[in-house]
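Residue numbers (this note's numbering), protein chains in the order written: chain A, -14 to 325; chain B, -14 to 325.
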DNA sequence: ACGTGTCAGTGACACGTGTCAGCACTGTGT
DNA sequence: ACACAGTGCTGACACGTGTCACTGACACGT
């Protein structure tokens, strides 16, 4: 009764030593049994005793101790700042998470709101993740990448259009979205095509690429592209619609279904007929776009990036030297409704 | 030149021992300096040498080792399954993250997609978080709570309308949203009020409470409430609109601006005039709702929960026995536009 | 009686960190 | 000359885990 092991220290969390004591075996045996270590043979009765003891104590291994001993973890860190919204992102994210779990990684999102670039990198490095996937919300510097790699990260991967020295990159071909939209508009006979460029921060890298894609699509067709800065507010849209005739456009690719809806309403309120006078095309195929009259034409995007990205992570972890510089084509097609 | 410490073991992660060696001091001193331990006095020149050595090696402390030694962490775990979308959630989430950081907690989101309840709890427990905030996407059982508490979690907090034995709860008064909506509709003279109940999984707990709130609001006024199951699809909305006249409703609170927009369009297509024949009220005050004609009336919700929740976490960690059973009123008001 | 082999399990170390007790010096008062 | 306090630093332990080298016990063939 002098040892405080049994019930007196009730509130301390059980360790594998406690399990070993209860099962009457050594700690090593406990480890072998609970991890199903193949190279060691333990008799079935002993296995049962260990498992029952673990169950009874409610033993849960200590991840930190485990990865400390192992010298590495299977943690993939996903820095998060302002959560982007929308079903597309949600789908991508779920797919990434799911695919990484299948590959036996643990996905951890780390809130990095309000941290400066290298400060953030240091915070991430403390967790010793095996890989870091940056969605471009926190700007990653080459120094940041160096910090992470030095801390043992096998792979640092940037997603999107940014490219950082030392990091792997999965380039999303956002340009493709602009390209198919502009191609469609040219095909239906439009000549002067506006391209909405959102002014909201954090969207630049998508917007710029889509604009660029549209430019490529019209090259050599005689059509032209005009960038149109727009904030996601009614006033901004009305202001733009007010000087629409002066711009002399007969079509607009509006970055997004949301921006498209906003702009289309403003155009109609300003007396501009859609699609006769101006065609409107959005992107993402939101259900809400189908509710407007005319129904909104849109670019439908297949989000298969999640699985690609997961595989990129895995191969980069296995062999950090291989730099596949993957590129995803963002398979996308125009769904023509009534607004174009 | 026989020690592989300097450049030959280049690729190994620097530890505090390496820093100590380079600075020519003991490891203890390094720890004291880098943590600014108040109770120990170290001369300024030594401090500088240590800091410079740490800088030169790119030393980053090992969070796992640290929390292993400390016996506790400042990690708040936020299980994530299907990411809910929408600006409201985004705002809440950023606020929570920000507030917890100010209280010196580290927020970690853990992807728990596809895990069963207690399996998930065990996975979380491995990380030994000091607190777990469950948003109700993964159903938490009393056993799950027990597992977490036994693993050292000081606070297990559920957010939303679920309540779990053993866990603290921050009850969001979702009923309030339904209440103000229904009150408004009664006030403008409506008598038979439909309340849309989304059939999508994961929304039940919100939907049920809002319905309940609407029921409370009409009690004693002579008005009645009719629940209307609806999927977020055009077909479902059209089907509902097709039998609208048979339902004999003169108003509907549609759970959401999105559902409201969907339903309103279907009603109009079915020849039912809004708001004359049927008034429509949504919730969340999406910008897009203002684009429809008539403009959508909506319930505007103040999301101040983030800070409340952070404070609840902190107080629960400080004194796990205190059970404040907090309740948030979801301060909300109707913004009347043209659809009601 | 002795080497050889298999089975079932154990003891001890290392991972990187924080902290406690203690040690060598130096000044300071008597 | 000695006690005493203060300063600046170090040695050693503990946290919980995985794994390697090793040990007793027993069976078998000669």
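All residues carry an ideal CB built from backbone N, CA and C; glycine is no exception.
Below the 7 Å Cβ cutoff, chain B contributes no neighbours of residue 38(A), its closest Cβ being approximately 15 Å away. Here the C-alpha atom of residue 7(B) lies approximately 24 Å from the C-alpha atom of residue 106(A). Residue environment analysis places residue 91(B) among the buried positions, since at least 16 neighbouring C-beta atoms fall within 10 angstroms of its C-beta. Interface annotation, residue 293(A): not in contact with chain B, CB-CB separation never under 8 Å. Counting every other CB atom within 10 Å of its CB across the protein chains shown gives residue 241(B) a total of 16 or more, marking it as buried.
Take residue 293(B), set aside five residues on each side of it, and the residues of its chain with a beta-carbon closer than 6 Å to its own are 313, in chain order.
Going by beta carbons, residue 169(B) and residue 266(B) fall inside the 8 Å limit.
The residue from 16(A), 124(A), 67(A), 101(A) with its alpha-carbon nearest to that of residue 47(A) is 16(A).
Counting along the chain, residue 285(B) sits inside the beta strand (DSSP E) bounded by residues 282 to 286. Using a Cβ-Cβ cut-off of 9 Å, residue 94(B) is close to 63, 65, 92, 93, 94, 95, 96 of chain A, given in chain order. Taking 7 Å as the Cβ-Cβ cut-off, the segment 47 to 60 of chain B approaches chain A at 47, 48, 49, 50, 52, 53, given in chain order.
In this structure, residue 162(B) places its C-beta atom within 8 Å of the C-beta atom of residue 286(B). Residue state for residue 316(B) is assigned as coil, using DSSP reduced to three classes. Here residue 175(A) is actually not in contact with residue 245(A); their C-beta atoms are around 15 Å apart, not less than 8 Å. The contact set of residue 157(B) on chain A, defined by CB atoms closer than 7 Å, is empty, because the minimum CB distance reaches about 19 Å. Between the segment 41 to 58 of chain B and the segment 107 to 122 of chain B there are three or more inter-stretch CB-CB distances shorter than 8 Å, so the stretches are counted as touching. Residue environment: residue 270(A) is assigned as buried (16 or more neighbouring CB atoms within 10 Å of its CB, all protein chains considered). Annotated as proximal: residue 178(A) and residue 234(A), with beta-carbon spacing under 8 Å. Against chain A, the CB of residue 132(B) has a partner CB under 8 Å away; the residue lies at that interface. In its chain, beyond the 5 residues on either side, 66 have a beta carbon closer than 6 Å to the beta carbon of residue 98(A). If you look at residue 268(B), you'll find it in the beta strand (DSSP E) that goes 264 to 268.
Secondary structure at residue 125(A): coil, using DSSP grouped into helix, strand and coil. Using a 10 angstroms sphere on the CB of residue 220(B), the tally of other CB atoms stays under 16, which defines it as exposed.
Contact annotation: residue 299(B) and residue 88(B) have beta-carbon atoms nearer than 8 Å. Residue burial annotation: residue 304(A) is exposed, with fewer than 16 other C-beta atoms found within 10 angstroms of its C-beta. Note on geometry: alpha-carbon atoms of residue 275(B) and residue 322(B) lie some 8 Å from one another. For residue 217(A), the chain B residues whose Cβ falls inside 9 Å of its Cβ are 272, in order along the chain. If one requires a minimum length of 3 residues, the beta strand (DSSP E) runs lying completely within the segment 17 to 73 of chain A are 60 to 65, in chain order. Between residue 324(B) and residue 284(B), the gap from beta carbon to beta carbon reaches 8 Å or more. If you check the CB distance, residue 237(B) and residue 210(B) do not come in under 8 Å. For residue 247(A), the enclosing alpha helix (DSSP H) stretches over residues 242 to 254. Membership of residue 140(A) in the beta strand (DSSP E) is indicated by the continuous run 140 to 145.
Annotation: the continuous alpha helix (DSSP H) that includes residue 5(A) extends over 1 to 8. Annotation for residue 96(B): the continuous beta strand (DSSP E) segment containing it runs 91 to 96. From the listed residues 158(A), 231(A), 164(A), 185(A), the smallest Cα separation to residue 214(A) is found for 185(A).
Short of 7 Å from the beta carbon of residue 136(A), and not among the five residues preceding or following it, lie these beta carbons of its own chain, in chain order: 110, 113.
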